[in-house]
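Q: Going down the list, the sequences are from chains Y and H.
Oh and the first sequence: position 18 is 18 in our numbering, straight run, nothing missing.
Oh and the second sequence: position 223 is 223 in our numbering, straight run, nothing missing.
Backbone N, C-alpha and C fix where the C-beta goes; we use that ideal spot for every residue, glycine too.
Following this message is one structure expressed as structure tokens.
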Amino acid sequence: MSETAQPAPASDERVKDLGWRKLLIRPELGGIVGTIAVFAFFLLFAFDSGMFSAQGVLNWSVVSAQFMIIAVGACLLMIAGEFDLSVGSMIGFSGMMIAIFTVTLGWPVWIAILVTFGMAVAIGALNGLIVIRTGLPSFIVTLAFLFILRGFAIYLPQTIERKTIIGGVSDAAQGDWLAPLFGGKILEGVFTWMGDNGLISVFERGTRAGQPVIDGIPMLIVWALVLAAFGHVLLTRTRFGNWIFAAGGDAQAARYVGVPVNRVKILMFMFTAFCATVFATCQVMEFGSAGADRGLLKEFEAIIAVVIGGALLTGGYGSVIGAALGALIFGVVQQGLFFAGVESSLFRVFLGVILLFAVILNTYIRRMITGER
Amino acid sequence: MKSLFTPIAVAASVFTAPLAAQAQEQLNYVLVSHAPDSDSWWNTIKNGIALAGEQMDVTVEYRNPPTGDLADMARIIEQATASGPNGIITTLADFDVLSGPIRDAVASGVDVIIINSGTPEQARELGALMYVGQPEYDAGYAAGQRAAGDGVESFLCVNHFIAQPASTERCTGFADGLGVDLGNQMIDSGQDPAEIKNRVMAYLNANPATDAVLTLGPTPADPTMLALEEMGLAGDIYFGTFDLGGNIVEGIKSGVIEWGIDQQPYLQAYLPVIVMANYHRYGVLPGNNINSGPGFVTKDGLEKVEEFAGEYR
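Dropping the structure here:
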């Protein structure tokens, strides 16, 4: 916390004037540099591969947006000093609940979505409550929920429908008012116009021949941007944001100055669960089915994105914009490696090397500008 | 700082190799599977496309979602489409999730062949050229009938990939072939060998009257064999398995395993590449779907299987 403290009124001799460096001392600077480096890298090695065609851009944008949605929640929680390892299982569980409510029980989709959000947020609160009450590390408590929620995501459909993937949500979602908010697309007219005018390519054959290859921006991307903006404003412009930093920096000190640390942490667990459910709902509405294996290992991907974005694993330092850029870097690298034609068995080697490189670069820049050791 | 730039140098050397190969006009194919990294069975598929690619002088890349998450697989198919290959060969593990991306690929002018999972009907509906594979339920049913003929009345289905509907269909088909209800006879074993072994032992201890064990691939078959040996049931209990692998062949030879169902995955990788390359070069296409299996591998005629198990068989 200390290195990001804002200087008080000008003539205080205790405050060092940092001059131009003040502009650079931002947690997201490393993320910005990393993003530029990654894009430069792929422009160099994969420019002709279709990665920067309309379909290619949408592909890595959607993957990045998926990471971004869960990274925003994980970022705020990590700044507040806690982890949530149940994010991936929560994605599988929430998606499955929506499918069970709509397909098996025949509820209207909007009720199913709202009830599922309610359940997810309640489980998030339970996570937080157990962490606060028992004083156990959140790492362990949420690891338990990783298994519990995944277990239910497999058990419930197996018992009720005798299968692990429940389809038919698309049919149920026809004409629903809430479903398009997660599975719909916007700006469809713009893309049709671009297709008609040859700005983007169109389908060559089949029933959709002549239609543009991209027919709109998926709501998934909109959600990612809205959540990132919300998280950024919450963290940097509100009193509650300061409480988040304080709770993660030194919880006891924060309690002494009157910050409701427990409430902040529980709310952040609830927000993380909310983000995971947004992810799950978008996925179920897009694909029309829920599977027991959805979201495997996504908790680690969220944490990776947050750390690439410059947050400290120990809490108290980080930025939502940084996490969003971290998600972008992760998404672009992951999909970009496919485009660049990397040998598939070496794919993960490259993913690891580039991610490590991004984090080292980020840390190096942060230390350079903050003077932190 | 110097050390920071080493990865780029390494990366550059590997990236340039495929780019150089594209200089001459060539056919590019992508094979997308639903298998997680941990599933060793797919090595045969990789060997199949490698050999076919070499013989036909085409490039074939292999892609899979690392954790087996089918939603990630949908993104990989979208990505493959965007990279503009001549053809995509893909499994159809879940119709709901994958039909959209596959339809988009077909509409973008990329030819698609469905392999392994899915059905011929679904392949036709999506506008794919053909289906190459083994219908899962039918294969399970045939195995069930065979086991019923050998006097089996109850069984344990060791499902190591419970999130994949095709796996469950094999168990259901087997139960229906036997003429019994699946009920609780299927367990979720997970992918870890030690866990699989322990769960099989736990089930057989709790249900000593079980007549037969059915495993769905080498991943559960190898630890299941160990479990049976440890319990003294090896060779006594009726043991059948889907798919082949090195240890499974040994098991069939020694009489621990009654039969292995070979869906001949090598053909599922090899044939689509050959078919597509001929289609794109000369416009010729076989008139129907290709069934690569099921074939029952028993003690008789194991020689070739033994020689190439895990490689081409």
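1) Quick one, are the C-beta atoms of Ala309/H and Val256/H less than 7 Å apart?
2) Buried or exposed for Gln22/H, going by 16 or more other Cβ atoms inside 10 Å?
3) So the beta strand (DSSP E) Asn247/H belongs to, where does it begin and stop?
4) Give the residues from the segment 124-141 of chain Y that approach chain H closer than 8 Å (Cβ to any Cβ), ordered along the chain.
5) By the three-class DSSP mapping on this structure, what secondary structure does Glu258/H have?
6) Entirely within the segment 129-177 of chain H and at least 4 residues each: give me those alpha helix (DSSP H) ranges in chain order.
7) From what residue to what residue does the beta strand (DSSP E) around Glu299/Y run?
8) Tell me whether Glu61/H sits in a helix, a strand or coil according to DSSP, three-state version.
9) Contact between the segment 272-292 of chain Y and the segment 213-221 of chain Y is defined here as three or more beta-carbon pairs at a separation below 8 Å; is this criterion met?
10) At a Cβ threshold of 7 Å, is Asp171/Y touching chain H?
11) With 16 other CB atoms within 10 Å as the buried threshold, where does Glu61/H fall?
12) Going by other Cβ atoms of all chains shown within 10 Å of its Cβ, with 16 needed for buried, is Gly175/Y buried or exposed?
13) Report yes or no: is there a C-beta of chain H within less than 7 Å of the C-beta of Gly288/Y?
14) Assuming Leu129/H and Val112/H are in contact, meaning their beta carbons sit under 8 Å apart, how far apart are those beta carbons, in whole angstroms?
15) Are there any heavy atoms of the ligand NAP lying less than 6 Å away from the beta-carbon of Ala253/Y, as far as the coordinates show?
16) Could you name the residues of the same chain whose beta carbon sits closer than 6 Å to that of Gly309/Y, not counting the 5 residues immediately before and after it, in chain order?
17) If the criterion is Cβ atoms closer than 7 Å, does the pair Ala112/Y and Ile98/Y meet it?
18) May I have the straight-line CA-CA distance separating Gly173/H from Ala139/H, to the nearest angstrom?
19) With DSSP collapsed to three states, give me the class of Pro120/H.
20) Return the CA-CA distance between Thr104/Y and Val87/Y, expressed in angstroms with no decimal places.
21) Taking the continuous beta strand (DSSP E) assigned at Tyr256/Y, which residues delimit it?
22) Would you check if the distance between the CB atom of Val306/Y and the CB atom of Ala74/Y is smaller than 7 Å?
23) For a contact meaning CB atoms closer than 7 Å, what does Pro223/H contact in chain Y?
24) Check each residue of the segment 148-178 of chain Y: if its Cβ is closer than 7 Å to any Cβ of chain H, include it; give the result in chain order.
25) So which of Thr59/H, Ile49/H, Thr224/H and Pro36/H has the shortest CA-CA distance to Val200/H?
26) Can you pull the DSSP bridge partners for Asn315/H?
27) Distance check for Glu230/H and Glu125/H, CA to CA, integer angstroms please.
28) Please list, in chain order, the chain H residues whose beta carbon lies closer than 9 Å to that of Val33/Y.
29) What are the start and end residues of each continuous beta strand (DSSP E) run of 3 or more residues lying completely inside the segment 167-240 of chain H, in chain order?
30) Give the range of the beta strand (DSSP E) segment to which Val297/H is assigned.
31) Helix or strand or just coil, what does DSSP make of Pro180/Y?
32) Would a C-beta distance cut-off of 7 Å place Tyr224/Y and Met68/Y closer than the cut-off?
33) Determine the direct distance from the alpha carbon of Gly151/Y to that of Val257/Y, and round the result to whole angstroms.
34) Identify, in the order they occur along the chain, each residue of the same chain with its Cβ nearer than 7 Å to the Cβ of Gln55/Y, setting aside the five sequence neighbours on each side.
35) By Cβ distance, which residues of its chain are closer than 6 Å to Leu226/H, with the 5 residues on each side in sequence left out?
36) Which residue from Tyr270/H, Leu302/H, Gly190/H and Met276/H puts its Cα closest to that of Thr67/H?
A: With the given structure in hand:
1) Using a Cβ distance threshold of 7 Å, Ala309/H and Val256/H do not count as a contacting pair.
2) Caution is warranted here: a pLDDT of 42 is assigned to Gln22/H, below 50, making its placement in the model unreliable, and the coordinate value is therefore given only provisionally. Exposed is the call here.
3) Unbroken run through Asn247/H is the alpha helix (DSSP H), Gly246 to Ser254; no beta strand (DSSP E).
4) For the segment 124-141 of chain Y, which is checked against every Cβ of chain H, not one residue is closer than 8 Å.
5) Glu258/H: coil per DSSP, three-state reduction.
6) Segments of the alpha helix (DSSP H) lying fully in the segment 129-177 of chain H: 136-149.
7) It is not in any beta strand (DSSP E) - Glu299/Y instead sits in the alpha helix (DSSP H) that spans Lys298 to Ile308.
8) Shown here, Glu61/H sits in a strand according to DSSP, grouped into three states.
9) Between the segment 272-292 of chain Y and the segment 213-221 of chain Y, the count of Cβ pairs shorter than 8 Å is three or higher; the stretches touch.
10) Closer than 7 Å: no.
11) With 16 or more Cβ atoms within 10 Å of its Cβ, Glu61/H is classed as buried.
12) So Gly175/Y ends up on the exposed side.
13) True, the Cβ-Cβ gap to chain H drops below 7 Å.
14) About 7 Å; that satisfies the 8 Å criterion.
15) With respect to small molecules bound, the structure shown includes none, and the ligand NAP cannot be examined in it.
16) For Gly309/Y, where only same-chain residues beyond five positions count, the Cβ hits under 6 Å are Gly31, Gly322, Ala323, Leu325 and Gly326.
17) In this structure, Ile98/Y lies closer than 7 Å to Ala112/Y by Cβ.
18) Rounded to the nearest angstrom, the gap between the Cα atoms of Gly173/H and Ala139/H is 7 Å.
19) Secondary structure at Pro120/H: helix, using DSSP grouped into helix, strand and coil.
20) Distance between Thr104/Y and Val87/Y, taken at the CA atoms: about 25 Å.
21) Not the beta strand (DSSP E): Tyr256/Y falls in the alpha helix (DSSP H), residues Ala251 to Tyr256.
22) Less than 7 Å separates the beta-carbon of Val306/Y from that of Ala74/Y.
23) Here the premise fails: no neighbours, minimum Cβ distance about 20 Å.
24) Going along the segment 148-178 of chain Y in chain order, one finds Ile154, Lys163, Thr164, Ile165 and Gly167 with a Cβ nearer than 7 Å to chain H.
25) Here the closest residue by C-alpha is Thr224/H.
26) Look at the range of chain H in this structure, 1 to 313, and you will see that residue 315/H is not part of it.
27) Approximately 48 Å, taken between the alpha carbons.
28) Going along chain H, no residue has its Cβ under 9 Å from Val33/Y, so there is no contact; the nearest lies around 12 Å.
29) Counting whole runs of 3 or more residues, the segment 167-240 of chain H contains the beta strand (DSSP E) stretches 186-188 and 212-215.
30) Counting along the chain, Val297/H sits inside the beta strand (DSSP E) bounded by residues Gly295 to Val297.
31) In the structure shown, Pro180/Y adopts helical secondary structure according to DSSP, grouped into three states.
32) First, the residue type needs correcting, since residue 224/Y is Ala and not Tyr in the sequence shown. Yes, they are a contact pair.
33) One C-alpha to the other measures close to 42 Å.
34) Correct list, in chain order: Val213 and Ile214.
35) Apart from the 5 residues on each side of it in sequence, Leu226/H sits with its Cβ closer than 6 Å to the Cβ of Lys197 in its chain, given in chain order.
36) For the residues Tyr270/H, Leu302/H, Gly190/H and Met276/H, the minimum Cα distance to Thr67/H belongs to Gly190/H.
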